[in-house]
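Chemist: Take a look at this one; I'll ask things after.
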Amino acid sequence: MVCQILGRMPVIIIKPATVTAATLTATNVAETDYAVWSAGTYTLGTRRIYDHKIYEVVAASTTAQPDVGAAAVPASWLYVSATNRFKMFDISVGSGTTNASSINVTITPATVCNSVVLFDVDGATAQLIVRTSGGTIVYNQTVSLTDYTGLNSYFNYYFLPIAETGATELAFIDIPNYSGATFQLIISAGAGTASCGEMIIGQKSVLAVTNFGTSVGIKDYSVKTIDDFGNVSITTRPYSKRADYDVTVETADVGQFNKFLASIRSTPAVYIGDPDRGETIVLGYYRDFNVVLSNPSISECSLSVEGLI
Numbered sequence: 037m038v039c040q041i042l043g044r045m046p047v048i049i050i051k052p053a054t055v056t057a058a059t060l061t062a063t064n065v066a067e068t069d070y071a072v073w074s075a076g077t078y079t080l081g082t083r084r085i086y087d088h089k090i091y092e093v094v095a096a097s098t099t100a101q102p103d104v105g106a107a108a109v110p111a112s113w114l115y116v117s118a119t120n121r122f123k124m125f126d127i128s129v130g131s132g133t134t135n136a137s138s139i140n141v142t143i144t145p146a147t148v149c150n151s152v153v154l155f156d157v158d159g160a161t162a163q164l165i166v167r168t169s170g171g172t173i174v175y176n177q178t179v180s181l182t183d184y185t186g187l188n189s190y191f192n193y194y195f196l197p198i199a200e201t202g203a204t205e206l207a208f209i210d211i212p213n214y215s216g217a218t219f220q221l222i223i224s225a226g227a228g229t230a231s232c233g234e235m236i237i238g239q240k241s242v243l244a245v246t247n248f249g250t251s252v253g254i255k256d257y258s259v260k261t262i263d264d265f266g267n268v269s270i271t272t273r274p275y276s277k278r279a280d281y282d283v284t285v286e287t288a289d290v291g292q293f294n295k296f297l298a299s300i301r302s303t304p305a306v307y308i309g310d311p312d313r314g315e316t317i318v319l320g321y322y323r324d325f326n327v328v329l330s331n332p333s334i335s336e337c338s339l340s341v342e343g344l345i
C-alpha cells in the first residue's frame, strides 16, 4: 500500500526488460553501420557487426570471432557499441538511435509490462500504441515534443528560439497489463532526424511517495585544465543525472521496500519521483538508502540514485 500524503507523487521504480533481436519484432531503422562479421582474417582497425554489436580489430590481424576475441588476453577485438538499431535498448543514455524522419519500432516483451520510459528523445511527436496479442488497441497516446513554455512575453515570442524538444524524458506509466501485448513506438520528426537515447520497457513497482525536499542535479565528467599562463582548456565529456529522493513509506512496508531495493542493488532501473517532471526521472543505480522508523504509521527515508551516462 502506498501512503498518499498531501497529493505527493508515488515513487515509481521500473526494472527494465531486456530487448533482444527476438523481442524487437519490427523496426524501420536499418542495421547497416558496418558489414556483418563472417569467418575470415581481419586486420587492425577493421570494424564488423556481430550479434547486433560493433567490434573493432585491435590486433595486427585476427581470425577470431569478435566476442571471443574481445574476451581473450590479449584481446584481438574491442567492443565499440551497439548498432544504431539497438543503441536505444543498450541501457546507456549517452548513446542513442537516430533515423531520418521517424523511428518506428515494435517490441513484444517476454514478460508482462505496463510502463515505457524514453530518455533523450528528439522529434516532433512521440506516440505509443499498445495492442493485445489479438491486435486490439488498448493504449494509444501521442505526446508533442515541442516546448512553448518559454514564450510567455512578446520579447520571448520574437527573440527566444523555440526549443525543438520540450521533454527529453517521457514516461508512459498508465498502460494496462496484458500478457503477450505488443508495444509500438513512433517518434516522428518530419523532415528532420528522429532520435531516442534509451527506451525502457518494464513493470513498475510503487512502494513509497516522494516529498518536497527531493533534490536533483547532474554530475559532469568534463575536464578543465589551466596552463602556466592561466589559459583555460575544457574537454567536454558526458554527464549523468543524479537524484536524492526524500520519500515517505508506511512503516509496515519498510521491510518490503528494503528487500525490493536489495534485489535490484546491482541492476540499472528507472526511478521516477514525478512523471510530469523529467528532472526526477533517472536511469541508473541507487547508491544509498536510509530509513528512519519515525513512528508506527509512517517512516521517513532517503534514496540516492546515480544516473548512467
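Quick note on our numbering: the sequence shown kicks off at 37 and runs consecutively.
The beta-carbon is built from N, C-alpha and C at its ideal position, and this holds for glycine as well.
1) Helix, strand or coil: how does DSSP classify alanine 230 here?
2) Can you find the residues in the same chain that come closer than 6 Å, C-beta to C-beta, to threonine 178, ignoring five residues on each side of it along the sequence?
3) Under 8 Å, with one C-beta from each stretch per pair, do the region 74 to 83 and the region 92 to 112 reach the 3-pair mark?
4) Can you name the start and end residues of the alpha helix (DSSP H) that valine 94 belongs to?
5) Taking its Cβ as the centre, do 16 or more other Cβ atoms sit within 10 Å of isoleucine 254, making it buried, or is it exposed?
6) Using the beta-carbon count (16 or more within 10 Å), is valine 93 buried or exposed?
7) Within 10 Å of its beta-carbon, does isoleucine 102 have 16 or more other beta-carbons around it, so buried, or fewer, so exposed?
8) Grouping DSSP H, G and I as helix and E and B as strand, with all else coil, what is valine 291?
9) Using the Cα positions of threonine 272 and aspartate 289, report the straight-line distance between them to the nearest angstrom.
10) Can the beta-carbon of valine 47 be found closer than 8 Å to that of tyrosine 281?
11) Determine whether the beta carbon atoms of isoleucine 139 and leucine 344 lie at a separation below 8 Å.
12) Sort Thr204, Pro311, Thr82 by Cα distance to glutamate 234 and report the nearest one.
13) Given that a residue counts as buried once 16 or more other Cβ atoms are within 10 Å of its Cβ, and exposed if not, what is lysine 240?
14) Between leucine 297 and valine 306, which are expected to be in contact by the criterion C-beta below 8 Å, what is the C-beta distance as a whole number of angstroms?
15) Shortest alpha-carbon distance to proline 212 belongs to which of Thr63, Ser151, Ala244?
Modeler: The answer reads as follows:
1) Locating residue 230 in the sequence shown gives position 194, counting from the first residue. Strand at alanine 230.
2) On the sequence shown, residue 178 is found 142 positions in, with the first residue counted as 1. Same-chain partners within the cutoff: Thr161, Gln163.
3) yes
4) Looking up residue 94 in the sequence shown gives position 58. Where valine 94 is concerned, there is no enclosing alpha helix (DSSP H), given that its DSSP letter is neither H nor E.
5) Here residue 254 is taken as the residue at index 218 of the sequence shown, counted from 1. By the neighbour-count rule (16 or more Cβ atoms within 10 Å), isoleucine 254 is not buried but exposed.
6) Start at 1 with the first residue of the sequence shown, and residue 93 comes out as number 57. Buried, since its Cβ has 16 or more Cβ neighbours within 10 Å.
7) As a working note, residue 102 is residue 66 in the sequence shown. In the sequence as displayed, the identity of residue 102 is proline instead of isoleucine. Answer is buried; the Cβ neighbour count reaches 16.
8) As a first step, residue 291 must be located in the sequence shown, where it is residue number 255. The identity of residue 291 in the sequence shown is glycine, whereas the question assumes valine. In this structure, glycine 291 counts as helix in the three-state DSSP scheme.
9) Taking the sequence shown and counting its residues from 1, one reaches residue 272 at position 236. Taking the sequence shown and counting its residues from 1, one reaches residue 289 at position 253. Each residue's Cα considered, the two are about 44 Å apart.
10) Taking the first residue of the sequence shown as position 1, residue 47 is located at position 11. Taking the first residue of the sequence shown as position 1, residue 281 is located at position 245. Yes.
11) Reading the sequence shown from its first residue, position 103 is the one you call residue 139. Reading the sequence shown from its first residue, position 308 is the one you call residue 344. Contact: no.
12) Residue numbering aside, residue 234 sits at position 198 when the sequence shown is read from its first letter. Checked all of Thr204, Pro311, Thr82; the closest Cα to glutamate 234 is Thr204.
13) Within the sequence shown, residue 240 is the residue found at index 204, counting from 1. Under this definition lysine 240 is a buried residue.
14) Taking the sequence shown and counting its residues from 1, the one referred to as residue 297 is at position 261. Taking the sequence shown and counting its residues from 1, the one referred to as residue 306 is at position 270. That belief does not hold up - the Cβ atoms of leucine 297 and valine 306 are roughly 14 Å apart, past 8 Å.
15) Residue numbering aside, residue 212 sits at position 176 when the sequence shown is read from its first letter. The residue with the shortest Cα to Cα distance from proline 212 is Ser151.
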